[in-house]
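To keep things clear, I will list the structure first and then write my remarks on it.
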Amino acid sequence: MVTAKTSEIDVVKGLDHGADDYLCKPFGIMEFISRVKAVLRRASTAPASTTTLRFGDITLDDVARTVTVDGEPVELTFKEYSLLHFFLEHPEEVLARERIMKAVWDTDDLLESRTIDMHVRTLR
(Lines of atoms letter the chains of each structure in order from A and count residues from 1; the text may use other names and numbers.)
(Lines give C-alpha, C1' and ligand atoms only; values in the text may rest on other atoms or scores of the structure.)
Protein backbone atom coordinates (compact mmCIF):
# COMPACT_ATOMS: atom_id res chain seq x y z
CA MET A 1 0.00 0.00 0.00
CA VAL A 2 1.42 3.38 -0.99
CA THR A 3 -0.15 6.33 0.80
CA ALA A 4 0.44 9.74 2.32
CA LYS A 5 -1.21 8.67 5.58
CA THR A 6 1.49 8.14 8.19
CA SER A 7 -0.26 7.68 11.53
CA GLU A 8 0.16 4.35 13.32
CA ILE A 9 -3.59 3.69 13.23
CA ASP A 10 -3.63 4.14 9.42
CA VAL A 11 -0.71 1.73 9.08
CA VAL A 12 -2.42 -0.85 11.32
CA LYS A 13 -5.72 -0.49 9.43
CA GLY A 14 -3.98 -0.90 6.08
CA LEU A 15 -2.12 -4.02 7.19
CA ASP A 16 -5.21 -5.46 8.88
CA HIS A 17 -7.19 -5.07 5.67
CA GLY A 18 -4.74 -7.20 3.72
CA ALA A 19 -1.84 -4.99 2.65
CA ASP A 20 1.43 -6.92 2.49
CA ASP A 21 3.40 -3.76 3.18
CA TYR A 22 2.76 -0.09 3.90
CA LEU A 23 4.88 2.62 2.29
CA CYS A 24 4.38 6.29 3.16
CA LYS A 25 5.04 9.12 0.72
CA PRO A 26 7.53 10.50 0.01
CA PHE A 27 9.77 7.49 -0.52
CA GLY A 28 12.87 6.67 -2.50
CA ILE A 29 12.71 4.49 -5.59
CA MET A 30 15.36 2.14 -4.17
CA GLU A 31 13.27 1.55 -1.04
CA PHE A 32 10.19 0.95 -3.20
CA ILE A 33 12.01 -1.60 -5.38
CA SER A 34 13.41 -3.39 -2.31
CA ARG A 35 9.95 -3.65 -0.76
CA VAL A 36 8.45 -5.01 -4.00
CA LYS A 37 11.25 -7.60 -4.19
CA ALA A 38 10.60 -8.60 -0.56
CA VAL A 39 6.88 -9.13 -1.25
CA LEU A 40 7.67 -11.19 -4.35
CA ARG A 41 10.25 -13.23 -2.42
CA ARG A 42 7.73 -13.99 0.33
CA ALA A 43 5.10 -14.97 -2.22
CA SER A 44 7.42 -17.33 -4.08
CA THR A 45 8.83 -19.04 -0.96
CA ALA A 46 5.63 -19.34 1.03
CA PRO A 47 5.37 -22.96 2.18
CA ALA A 48 2.29 -24.93 1.25
CA SER A 49 0.12 -25.05 4.31
CA THR A 50 -2.22 -27.70 5.57
CA THR A 51 -5.75 -26.95 4.45
CA THR A 52 -7.28 -27.39 7.91
CA LEU A 53 -5.71 -26.62 11.27
CA ARG A 54 -7.35 -27.59 14.56
CA PHE A 55 -6.64 -26.89 18.19
CA GLY A 56 -9.25 -27.70 20.80
CA ASP A 57 -12.57 -26.34 19.58
CA ILE A 58 -10.95 -24.01 17.01
CA THR A 59 -10.90 -25.00 13.34
CA LEU A 60 -9.20 -22.93 10.65
CA ASP A 61 -9.93 -23.84 7.01
CA ASP A 62 -7.24 -22.38 4.75
CA VAL A 63 -9.06 -23.09 1.51
CA ALA A 64 -12.27 -21.30 2.54
CA ARG A 65 -10.35 -18.84 4.81
CA THR A 66 -12.85 -19.51 7.59
CA VAL A 67 -12.53 -19.99 11.32
CA THR A 68 -15.02 -21.74 13.56
CA VAL A 69 -15.16 -22.16 17.32
CA ASP A 70 -17.40 -24.99 18.50
CA GLY A 71 -18.76 -25.12 14.94
CA GLU A 72 -19.81 -21.45 15.00
CA PRO A 73 -18.22 -19.17 12.37
CA VAL A 74 -15.97 -16.37 13.62
CA GLU A 75 -15.17 -13.31 11.51
CA LEU A 76 -11.56 -12.17 11.64
CA THR A 77 -9.57 -9.43 9.94
CA PHE A 78 -6.77 -10.44 7.60
CA LYS A 79 -4.10 -9.98 10.30
CA GLU A 80 -6.15 -11.71 13.00
CA TYR A 81 -6.54 -14.67 10.64
CA SER A 82 -2.80 -14.68 9.85
CA LEU A 83 -1.90 -14.49 13.54
CA LEU A 84 -4.28 -17.30 14.47
CA HIS A 85 -2.92 -19.38 11.59
CA PHE A 86 0.63 -18.86 12.88
CA PHE A 87 -0.41 -19.82 16.41
CA LEU A 88 -2.19 -22.96 15.17
CA GLU A 89 0.88 -23.97 13.16
CA HIS A 90 2.90 -23.83 16.40
CA PRO A 91 0.63 -25.24 19.11
CA GLU A 92 2.01 -25.60 22.63
CA GLU A 93 5.06 -23.47 21.69
CA VAL A 94 6.19 -20.32 23.43
CA LEU A 95 6.63 -17.80 20.62
CA ALA A 96 8.92 -14.79 20.94
CA ARG A 97 7.54 -11.43 19.87
CA GLU A 98 10.34 -11.11 17.33
CA ARG A 99 9.31 -14.39 15.69
CA ILE A 100 5.64 -13.36 15.58
CA MET A 101 6.47 -9.95 14.09
CA LYS A 102 8.68 -11.57 11.45
CA ALA A 103 6.15 -14.27 10.52
CA VAL A 104 2.92 -12.26 10.54
CA TRP A 105 4.04 -8.67 9.87
CA ASP A 106 7.35 -9.45 8.12
CA THR A 107 9.28 -7.07 10.32
CA ASP A 108 11.65 -7.28 13.26
CA ASP A 109 10.57 -3.83 14.46
CA LEU A 110 9.40 -4.29 18.03
CA LEU A 111 8.24 -0.67 18.20
CA GLU A 112 5.01 -2.12 16.87
CA SER A 113 4.91 -4.94 19.44
CA ARG A 114 1.79 -3.50 21.09
CA THR A 115 0.07 -4.40 17.83
CA ILE A 116 0.56 -8.06 18.76
CA ASP A 117 -1.10 -7.45 22.13
CA MET A 118 -4.06 -5.74 20.45
CA HIS A 119 -4.60 -8.61 18.01
CA VAL A 120 -4.16 -11.34 20.64
CA ARG A 121 -6.69 -9.57 22.86
CA THR A 122 -9.17 -9.55 19.97
CA LEU A 123 -8.56 -13.24 19.23
CA ARG A 124 -9.20 -14.18 22.85
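Under UniProt numbering, the first residue of the sequence shown is numbered 1, with each subsequent residue one higher.
Built from N, CA and C at the ideal position, the CB exists for glycine as well.
- Message: Less than 7 Å between C-beta atoms, sequence neighbours within five positions excluded: which residues of the same chain meet that for residue 119?
- Response: 79, 80, 83.
- Task: Check the DSSP bridge columns for residue 16 and list the partner residues they point to.
- Result: According to DSSP, residue 16 bridges with nothing at all.
- Task: May I ask which residues mark the beginning and end of the beta strand (DSSP E) holding residue 72?
- Result: 72 to 74 is the extent of the beta strand (DSSP E) around residue 72.
- Query: Of the choices 103, 124, 8, whose alpha-carbon is the least far from that of residue 43?
  - Reply: Comparing alpha carbon positions, the residue from 103, 124, 8 closest to residue 43 is 103.
- Message: Just to confirm my understanding: we take residue 88, look at its own chain, exclude 5 residues before and 5 after, and list those with CB closer than 6 Å. What are they?
- Response: These residues qualify, in order along the chain: 53, 55, 60.
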